[in-house]
DNA sequence: GTCTATATGTTGATAGAC
DNA sequence: GTCTATCAACATATAGAC
């Protein structure tokens, strides 16, 4: 469906293609502020037509958050995330999270903007917190191993590192001037070595 | 006004106290998704009463964004931001921005969530971009001076550093376990030296 | 797979009493 | 400084025709 809009355009949407566009609109206006009318306009069909594909606005959010969380949680299932020195595991998880983010910018963006204003949002936040806890423990271990500077607060450090990665959604675009690989390289370089020459 | 809600509570709000509460509700639900009804409920008065103090919902956003941007821009007016080696100026700006953020979490949070969905939001975004450009130039200079690693992309680096700082709004609370000073220390430490022991 | 028509509630903002 | 009452526009969602 890349043909431009016109009166006689047939859309033939399915759940997947509706979801992709919905997530973009959610990201532009915020999930709560997005109306089915805005979605309908972005899709070029009527509100009622959307209800043929999905039962509710919240169901679209559910699908999107499940996908984003699934991708992140899959990182921790990789053997590289649970084998070897903590500092190496941390490097692997940092790089993988950055790649997942650049691979699925819009889904991860939506996840990072959830504030917990419904039961569904709160359960997504809980899964996000579980992920963050794993990272915190990795930082803790690496610090106990003497691989991370002892002057840093481990909880603050874990948050700063993942905050840095998360901020990438605010500017990274797949068709932009900086490749996904270069982003991941720079994230790991800054996180581990800092910007300053020694 | 710390007395708990009750039927006979007198509020005696003024623009300032309404703004503080409004910004919190904007941050919880997003500006667009926040209704005057929600604001009224949070304030414990009716919608109409709000209009006695402010002419519109958007005016509250204007006040909040102006304040947040003013605080950030003031950093660049300090002599320390324009004197000496670029790397020292950069360190000063990074630390100051972190302090401004911890001092005014809710106002800065609101600013960082603006997406450009109205003329007003777009002009706030433009001021934010002007600030970011100054930082980018600082990173560029420091790299030209040989003080910042040459393998890093300067634009990406500037974004990652300020992304890391901005992410602090997602967890920092003035009454939390980590002091504003410790946050600023750790931000500068990670940004300049990285987490890893050499 | 999409439409029109409709139901029921909420939106931002105003008028005017106290 | 706050209230009640009101407005036109818009919210989510459904029913049923094509």
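Protein chains in written order, with my numbering: chain A, 202 to 399; chain B, 202 to 399. Backbone N, C-alpha and C fix where the C-beta goes; we use that ideal spot for every residue, glycine too. Please read these numbers as outputs of a predicted model, since none were measured by experiment.
Which runs of the alpha helix (DSSP H) at least 4 residues long sit entirely within the segment 258 to 290 of chain B? Give them in chain order.
Correct list: 258 to 278.
So, does the CB of residue 330/A fall closer than 8 Å to a CB anywhere in chain B?
As a working mapping, residue 330/A is identified with position 129 in the first chain. Chain B contact via Cβ: absent.
Our contact map puts residue 312/A next to residue 270/A with C-beta atoms below 8 Å; I'd like the distance itself, whole angstroms only.
One-based indexing of the first chain puts residue 312/A at position 111. One-based indexing of the first chain puts residue 270/A at position 69. Yes, residue 312/A and residue 270/A are in contact; Cβ-Cβ is about 7 Å, under 8 Å.
Report the rounded CA-to-CA distance for residue 328/B versus residue 262/B, giving the unit in angstroms.
In the second chain, counting from the first residue as 1, residue 328/B sits at position 127. In the second chain, counting from the first residue as 1, residue 262/B sits at position 61. Taking the straight line joining both Cα atoms gives about 15 Å.
Can residue 391/B and residue 358/A be called in contact, C-beta distance under 8 Å?
Translated into the one-based positions of the second chain, residue 391/B becomes position 190. Translated into the one-based positions of the first chain, residue 358/A becomes position 157. For residue 391/B and residue 358/A, yes; Cβs fall inside 8 Å.
Looking only at DSSP bridge pairs, what is residue 397/A linked to?
Within the first chain, residue 397/A is the residue found at index 196, counting from 1. For residue 397/A, which the question treats as bridged, DSSP gives the partners 349/B.
Relative to the C-alpha of residue 335/B, which residue among 396/B, 277/B and 387/B is closest?
Here residue 335/B refers to the residue found at position 134 of the second chain. For the residues 396/B, 277/B and 387/B, the minimum Cα distance to residue 335/B belongs to 277/B.
Spell out whether any CB of chain B is found under 8 Å from the CB atom of residue 239/A.
By one-based count along the first chain, residue 239/A stands at place 38. Closer than 8 Å: no.
With a 10 Å radius around its C-beta and 16 neighbouring C-beta atoms as the bar for buried, classify residue 344/B as buried or exposed.
Position 143 of the second chain, counted from the first residue, corresponds to residue 344/B. Flag for residue 344/B reads buried.
Measuring straight from C-alpha to C-alpha, what distance separates residue 399/A and residue 236/B?
Working through the first chain from its first residue, we reach residue 399/A at position 198. Working through the second chain from its first residue, we reach residue 236/B at position 35. Each residue's alpha carbon lies about 52 Å from the other.
For residue 355/A, which three-state DSSP category applies?
Locating residue 355/A in the first chain gives position 154, where the first residue counts as 1. Helix.
In chain B, which residues lie less than 9 Å from residue 233/A when you measure between Cβ atoms?
Within the first chain, numbered from 1, the residue matching residue 233/A stands at position 32. Those are 230, 231, 233, 234 and 235, listed as they occur along chain B.
Measuring only the C-alpha atoms, how far is residue 362/A from residue 333/A?
The sequence position of residue 362/A within the first chain is 161, counting from 1. The sequence position of residue 333/A within the first chain is 132, counting from 1. So the two alpha carbons sit approximately 11 Å from each other.
In chain B, which residues lie with their C-beta within 7 Å of the C-beta of residue 269/A?
Residue 269/A sits at position 68 when you count from the first residue of the first chain. Within 7 Å Cβ-Cβ: nothing; residue 269/A doesn't reach chain B, min ~16 Å.
If you measure from the beta carbon of residue 368/B to each beta carbon in chain A, is any gap under 8 Å?
Position 167 of the second chain, counted from the start, is the residue given in the question as residue 368/B. Closer than 8 Å to some Cβ of chain A, the Cβ of residue 368/B qualifies, so yes.
What is the DSSP secondary structure of residue 319/B, reduced to helix, strand or coil?
Here residue 319/B refers to the residue found at position 118 when the second chain is read from its first residue. In the structure shown, residue 319/B sits in coil (DSSP, three-state: anything other than H, G, I, E or B).
Rounded to whole angstroms, what's the CA-CA distance from residue 297/A to residue 365/B? Just pull it up for me.
On the first chain, residue 297/A is found 96 positions in, with the first residue counted as 1. On the second chain, residue 365/B is found 164 positions in, with the first residue counted as 1. The alpha-carbon atoms of residue 297/A and residue 365/B are separated by roughly 18 Å.
With 8 Å set as the bound, which would you pick, yes or no: does the beta-carbon of residue 347/B sit closer than that to a beta-carbon of chain A?
Here residue 347/B corresponds to residue number 146 of the second chain, with the count starting at 1. It does; some Cβ of chain A falls within 8 Å.
Just to make sure I have the definition right: I need the residues of chain A whose C-beta is within less than 8 Å of the C-beta of residue 318/B. Which are they?
For the purposes of this step, residue 318/B is taken as residue 117 along the second chain, with counting starting at 1. By Cβ distance, chain A contributes 229 and 230.
What did DSSP end up calling residue 364/B once you bin it into helix, strand or coil?
Counting from 1 along the second chain, the entry for residue 364/B is found at position 163. Note: residue 364/B maps to helix in three-state DSSP.
Just confirm the distance between the C-beta atoms of residue 273/A and residue 369/A, as a whole number of angstroms; I'd bet it's less than 8 Å.
Locating residue 273/A in the first chain gives position 72, where the first residue counts as 1. Locating residue 369/A in the first chain gives position 168, where the first residue counts as 1. That belief does not hold up - the Cβ atoms of residue 273/A and residue 369/A are roughly 14 Å apart, past 8 Å.
By alpha-carbon positions, which one of 294/B, 268/B, 317/B and 283/B ends up nearest to residue 305/B?
To locate residue 305/B, count along the second chain from 1; it is residue 104. With distances taken between Cα atoms, residue 305/B lies closest to 268/B.
In chain A, what lies closer than 8 Å to residue 357/B by C-beta?
On the second chain, position 156 is the one that residue 357/B refers to. Going along chain A in sequence order, the residues near residue 357/B (Cβ under 8 Å) are 379, 383, 384 and 387.
Please name the residue in 289/A, 397/A, 356/A and 322/A whose C-alpha comes closest to that of residue 232/A.
Numbered from its first residue, the first chain carries residue 232/A at position 31. Considering only alpha carbons, the answer is 322/A.
The alpha helix (DSSP H) with residue 374/A in it runs from where to where?
By one-based count along the first chain, residue 374/A stands at place 173. It is not in any alpha helix (DSSP H) - residue 374/A carries neither H nor E in the DSSP assignment.
Tell me which residues share the same chain as residue 205/A and place their Cβ nearer than 7 Å to its Cβ, disregarding the 5 neighbours each side in the sequence.
In the first chain, the residue the question calls residue 205/A occupies position 4. With a pLDDT of 39 at residue 205/A, under the threshold of 50, the predicted position of this residue should be treated as unreliable, though the coordinate-derived value follows. Closer than 7 Å at the Cβ level, and outside the excluded window around residue 205/A, lies no residue.
State the start and end residues of the unbroken alpha helix (DSSP H) segment that holds residue 224/A.
Within the first chain, the letter at position 23 stands for residue 224/A. Taken as a continuous stretch (DSSP letters only), the alpha helix (DSSP H) holding residue 224/A covers 216 to 230.
Within 8 Å (strictly less), CB to CB, does residue 226/B reach chain A?
If you number the second chain from 1, residue 226/B lands on position 25. Not closer than 8 Å to any Cβ of chain A, the Cβ of residue 226/B fails to qualify, so no.
Return the residue from the list 318/B, 265/B and 222/B that minimises the CA-CA distance to residue 242/B.
Counting from 1 along the second chain, the entry for residue 242/B is found at position 41. Of the candidates 318/B, 265/B and 222/B, the one whose C-alpha sits nearest the C-alpha of residue 242/B is 222/B.
For residue 281/A, which residues in the same chain have their Cβ closer than 6 Å to its Cβ, ignoring the five residues on either side in sequence?
The residue given as residue 281/A occupies position 80 in the first chain. Excluding positions up to five away in sequence, the list reads 293.
Assuming residue 286/B contacts residue 348/B under a Cβ cut-off of 8 Å, what Cβ separation, rounded to an integer in Å, is found between them?
Against the second chain, residue 286/B aligns to sequence position 85. Against the second chain, residue 348/B aligns to sequence position 147. Correct: roughly 7 Å between the Cβ atoms.
Among the candidates 283/A, 213/A and 318/A, whose CA atom is the shortest distance from the CA of residue 229/B?
In the second chain, residue 229/B corresponds to position 28, counting from 1. Nearest of 283/A, 213/A and 318/A to residue 229/B, Cα basis: 318/A.
Within its chain, find whatever has a CB closer than 6 Å to the CB of residue 260/A; leave out the 5 residues flanking it on each side and keep chain order.
Residue 260/A sits at position 59 when you count from the first residue of the first chain. Closer than 6 Å at the Cβ level, and outside the excluded window around residue 260/A, lies no residue.
Check this for me: beta carbons of residue 216/A and residue 254/A, under 8 Å apart or not?
Taking the first chain and counting its residues from 1, the one referred to as residue 216/A is at position 15. Taking the first chain and counting its residues from 1, the one referred to as residue 254/A is at position 53. Yes. Within cutoff.
Restricting to Cα atoms, I'd like to know which of 264/A, 386/A, 393/A and 320/A is closest to residue 300/A.
Taking the first chain and counting its residues from 1, one reaches residue 300/A at position 99. Cα-wise, what sits closest to residue 300/A is 386/A.
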